[in-house]
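**Student:** Listed in order, the protein sequences are those of chains A and B. Just so you know, we're using this note's numbering here: the first sequence kicks off at 446 and counts up by one. Just so you know, we're using this note's numbering here: the second sequence kicks off at 446 and counts up by one. All C-beta atoms in this analysis are idealised placements derived from N, C-alpha and C, irrespective of residue type, glycine included.
There are 2 protein chains.
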Amino acid sequence: MTIENLSCNKSFEGWHKQYSHHSDTLNCSMRFAIYLPPQASNGKKVPVLYWLSGLTCTDENFMQKAGAQRIAAELGIAIVAPDTSPRGDDVADDEGYDLGKGAGFYVNATQAPWNRHYQMYDYVLHELPRLIESMFPVSDRRAIAGHSMGGHGALVLALRNPERYRSVSAFSPISNPVNCPWGKKAFTAYLGKDTAAWADYDASLLMRQASQFVPALVDQGEADDFLTEQLRPEMLEAAAGSSGYPLALHRREGYDHSYYFIASFIEQHLRFHAEHLSR
Amino acid sequence: MTIENLSCNKSFEGWHKQYSHHSDTLNCSMRFAIYLPPQASNGKKVPVLYWLSGLTCTDENFMQKAGAQRIAAELGIAIVAPDTSPRGDDVADDEGYDLGKGAGFYVNATQAPWNRHYQMYDYVLHELPRLIESMFPVSDRRAIAGHSMGGHGALVLALRNPERYRSVSAFSPISNPVNCPWGKKAFTAYLGKDTAAWADYDASLLMRQASQFVPALVDQGEADDFLTEQLRPEMLEAAAGSSGYPLALHRREGYDHSYYFIASFIEQHLRFHAEHLSR
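#1: Suppose you measure from the CA of A655 (chain B) to the CA of P607 (chain B); what does that come to, to the nearest Å?
#2: Are D669 (chain B) and H714 (chain B) closer than 9 Å when you measure CB to CB?
#3: With respect to the alpha helix (DSSP H) encompassing M446 (chain A), which residues constitute its N-terminal and C-terminal limits?
#4: Which bits of chain B does H746 (chain A) rub up against, with CB to CB less than 7 Å?
#5: In the segment 496–514 of chain B, which residues sit with their C-beta less than 8 Å from some C-beta in chain A, listed in chain order?
#6: Quick one: what does DSSP say Q564 (chain B) is sitting in, helix, strand or coil?
#7: Taking one C-beta from the segment 619–632 of chain B and one from the segment 673–683 of chain B each time, how about it: are there three or more such pairs within less than 8 Å?
#8: Whole angstroms is fine: what's the gap from V764 (chain B)'s alpha carbon to D535 (chain B)'s?
#9: Does the count of Cβ pairs from the segment 643–658 of chain B and the segment 693–708 of chain B closer than 8 Å reach three?
#10: Mind checking if D670 (chain A) is an interface residue toward chain B, Cβ cutoff 9 Å exclusive?
#11: In the DSSP assignment, find the beta strand (DSSP E) that holds K462 (chain A) and state where it starts and stops.
#12: Ignoring anything shorter than 3 residues or poking outside the segment 523–600 of chain B, list the beta strand (DSSP E) runs there in chain order.
#13: Please tell me whether L471 (chain B) and Q556 (chain B) are closer than 9 Å, where the distance is taken between their beta carbons.
#14: Would you kindly work out how many angstroms separate the C-alpha atoms of I711 (chain B) and C502 (chain B), rounded to a whole number?
#15: Exposed or buried, what is E540 (chain B) when buried is set at 16 or more other beta-carbons lying within 10 Å of its beta-carbon?
#16: Got a sec? Which residues, its chain only, sit under 6 Å from H695 (chain A) by beta carbon, not counting five neighbours each side?
#17: Does any residue of chain A bring its CB to less than 9 Å from the CB of E458 (chain B)?
#18: What residues in its chain sit with their C-beta under 7 Å from that of W627 (chain B), if we drop five residues either side in the sequence?
#19: Exposed or buried, what is A588 (chain A) when buried is set at 16 or more other beta-carbons lying within 10 Å of its beta-carbon?
#20: Could you tell me which of B:I577, B:M580, B:G591, B:E578 sits nearest to F550 (chain B), measuring between CA atoms?
#21: Under 8 Å between beta-carbons, which chain A residues line up against A708 (chain B)? List them in chain order, please.
#22: Looking at the secondary structure, which residues open and close the beta strand (DSSP E) in which A480 (chain B) lies?
#23: Name the two residues that bound the continuous beta strand (DSSP E) containing W627 (chain A).
#24: Do the segment 452–472 of chain B and the segment 487–499 of chain B touch if we need at least three Cβ pairs shorter than 8 Å?
#25: Answer yes or no: does any C-beta atom of chain B fall closer than 9 Å to that of D701 (chain A)?
#26: Can you name, in chain order, every residue of its own chain whose Cβ lies under 8 Å from the Cβ of D504 (chain A), other than the five neighbours on each side?
#27: Quick one: grab the DSSP three-state call for G499 (chain B).
#28: Comparing alpha-carbon positions, which option in A:F581, A:G545, A:A511 lies nearest V493 (chain A)?
#29: Span of the alpha helix (DSSP H) holding R724 (chain B)?
#30: Measuring straight from C-alpha to C-alpha, what distance separates S709 (chain A) and E667 (chain A)?
#31: For A511 (chain A), does the three-state DSSP call read helix, strand or coil?
#32: Would M508 (chain A) be called buried (16 or more neighbouring beta carbons within 10 Å of its own) or exposed?
#33: Use the C-beta contact count for Q657 (chain A): other C-beta atoms within 10 angstroms, 16 or more gives buried, fewer gives exposed.
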């Protein structure tokens, strides 16, 4: 396992670093970013929050815009931000912003041409943490969070792998992708027309059946342009009510889908994760 | 005076907004961003910090990356971020990133073809605050800050107009532009080959002669790639020592020229300005 350092910036007495590596899971070269808090420089193993970004994003959006490093430095949490899809000239793509590169939807594609590279579920679940835990001073205490498409990814990964994550949170997640345009388009392409294969990647369907619980925190802006048609947090709330899932979902008046919203509430999310990561 | 609202995002219970307007000073349409803290929604007039960005930037870099809104919301300070140069198809430009669009250097150009639009000194000093103070719930208590080229601009504006600003701060300013490659290139183009005309735009020369003081705070990363050749903070320190200027200059080990550096110390800058704006 080799990784190449691409950049390095001191940030709140810790370090923001970008790396590239060859992913066997995705069959291409991938970039990720990691924020290492100052505690990680003192020989101490720190827990890790994985952050999954939304459509069109890379590893950079969250690290540049969320303002998370200040709190991660205080709490002693590393943050890892992978890219949102496989990349490279030979990776299948689509003209739409919501399919192909930048839009991996954190699934394992089964349909050609996507299945050759688009295995983001396995990458985030297995290969990336294996690499992070072997190359950096981090423990195996993991939390996961994300925004929009990445909120969907974080919820699905935690709901299907409760033994892997201490806590999960999301901003403006695509809560019920089998019933929204973004989800239907992506799942049809990646997973095929048989909707039976889609249920494994739908947070609302998974939460309704859940019996093992990962504490979950969700924030949703009420002025989000995608709220009604694409995000549908009411489906997640109904599922949690049905299974008794420990979900705290906050609706925030006036806030939209942007990183200005995420920055306004990221401190609450990091403190939520820190509480569960320290147990 | 008319302005057009371009965007609006709720942020830390206040509002980030972008506007365009026709600038008579710059003879073109300009965009700026304003952050209005929650206190400004309660009929109270709040003080304003003007932020001047560096080479290649627009109004967006600081608002998206510095993480300033959290503290501005706490302290009740508005922040205004203008663009870094005139813009438009008929505005003179250069192939280099360090001249022309995105590189106005906050001077009033006297040389053709630049003098038709490049009057950023007058724009930031007069037209922009006049517009801001007539259109938004802000007082005439002003502070000014900036990064790199914008740090140069902030220091020059405060040093030449001590009655206009309560305080000034800068990250990684171009401290002695008459003696560095960026400054020599820009000043030759905008102000002409006669270096006598350059002294009015050099913070170190101005600070050496200063008799009226605006309290000044400067942060400089010691791992900044531009430190030795372009920024030269030691010239500013020597000038302050000579005139007894109230300059606090901090060198920060390991920090570079990026917004990761700015974000790490912006809270200290905003608290410094708040102290002087409240007097």
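**Tutor:** Quick look at the numbers:
#1: Within the second sequence, residue 655 (chain B) is the residue found at index 210, counting from 1. Within the second sequence, residue 607 (chain B) is the residue found at index 162, counting from 1. C-alpha separation (whole angstroms): 10 Å.
#2: The residue labelled residue 669 (chain B) in the question sits at position 224 within the second sequence. The residue labelled residue 714 (chain B) in the question sits at position 269 within the second sequence. The answer is no: Cβ separation not under 9 Å.
#3: Taking the first sequence and counting its residues from 1, one reaches residue 446 (chain A) at position 1. No alpha helix (DSSP H) contains M446 (chain A), which DSSP labels as neither H nor E.
#4: Because chain A in this structure spans residues 446 to 724, residue 746 (chain A) falls outside the shown range and cannot be described.
#5: Q509, K510, G512, Q514
#6: Numbered from 1 along the second sequence, position 119 holds the residue referred to as residue 564 (chain B). Three-state DSSP puts Q564 (chain B) in a strand.
#7: yes
#8: This structure leaves residue 764 (chain B) out entirely; chain B is present only between 446 and 724.
#9: no
#10: Here residue 670 (chain A) refers to the residue found at position 225 of the first sequence. No, because no Cβ of chain B sits closer than 9 Å to the Cβ of D670 (chain A).
#11: By one-based count along the first sequence, residue 462 (chain A) stands at place 17. Counting along the chain, the beta strand (DSSP E) containing K462 (chain A) begins and ends at 459–468.
#12: 523–527, 583–592
#13: To locate residue 471 (chain B), count along the second sequence from 1; it is residue 26. To locate residue 556 (chain B), count along the second sequence from 1; it is residue 111. No, Cβ-Cβ distance for L471 (chain B) and Q556 (chain B) is not below 9 Å.
#14: Taking the second sequence and counting its residues from 1, the one referred to as residue 711 (chain B) is at position 266. Taking the second sequence and counting its residues from 1, the one referred to as residue 502 (chain B) is at position 57. So the alpha carbons of these two residues sit roughly 18 Å apart.
#15: Position 95 of the second sequence, counted from the start, is the residue given in the question as residue 540 (chain B). The residue is exposed, with fewer than 16 neighbouring Cβ atoms inside 10 Å.
#16: Counted from its first residue, the first sequence places residue 695 (chain A) at position 250. Taken in chain order, the residues that qualify are D664.
#17: The sequence position of residue 458 (chain B) within the second sequence is 13, counting from 1. Cβ-Cβ to chain A under 9 Å: yes for E458 (chain B).
#18: Translated into positions along the second sequence, residue 627 (chain B) becomes position 182. Answer for W627 (chain B): D543, I619, Q675, listed in chain order.
#19: As a working note, residue 588 (chain A) is residue 143 in the first sequence. Under this definition A588 (chain A) is a buried residue.
#20: As a first step, residue 550 (chain B) must be located in the second sequence, where it is residue number 105. It is B:G591 whose Cα lies nearest to the Cα of F550 (chain B).
#21: Within the second sequence, residue 708 (chain B) is the residue found at index 263, counting from 1. S456, F457, G512, Q514, R515, listed in chain order.
#22: Taking the second sequence and counting its residues from 1, the one referred to as residue 480 (chain B) is at position 35. Residue 480 (chain B) is actually Tyr in this sequence, not Ala. Looking at the DSSP string, the run of the beta strand (DSSP E) that includes Y480 (chain B) is 473–481.
#23: The count along the first sequence starts at 1 and reaches residue 627 (chain A) at position 182. Element bounds for W627 (chain A): not the beta strand (DSSP E) but the alpha helix (DSSP H), 626–636.
#24: no
#25: Locating residue 701 (chain A) in the first sequence gives position 256, where the first residue counts as 1. Taking Cβ atoms only, chain B reaches closer than 9 Å to D701 (chain A), which makes this a yes.
#26: Here residue 504 (chain A) refers to the residue found at position 59 of the first sequence. If we look at D504 (chain A) and ignore the five residues flanking it on each side, its Cβ neighbours are Q463, R476, F477, A478, S498, A526, P527, D528.
#27: For the purposes of this step, residue 499 (chain B) is taken as residue 54 along the second sequence, with counting starting at 1. Of the three classes helix, strand and coil, the one that applies to G499 (chain B) here is coil, per DSSP.
#28: Taking the first sequence and counting its residues from 1, one reaches residue 493 (chain A) at position 48. Closest by alpha carbon: A:F581.
#29: Reading the second sequence from its first residue, position 279 is the one you call residue 724 (chain B). No alpha helix (DSSP H) holds R724 (chain B); DSSP gives it neither H nor E.
#30: Mapped onto the first sequence, residue 709 (chain A) falls at position 264. Mapped onto the first sequence, residue 667 (chain A) falls at position 222. Computed Cα separation, rounded: 14 Å.
#31: As a working mapping, residue 511 (chain A) is identified with position 66 in the first sequence. A511 (chain A): coil per DSSP, three-state reduction.
#32: Counted from its first residue, the first sequence places residue 508 (chain A) at position 63. So M508 (chain A) counts as buried.
#33: On the first sequence, position 212 is the one that residue 657 (chain A) refers to. Looking at its Cβ environment, which holds fewer than 16 other Cβ atoms inside 10 Å, Q657 (chain A) is exposed.
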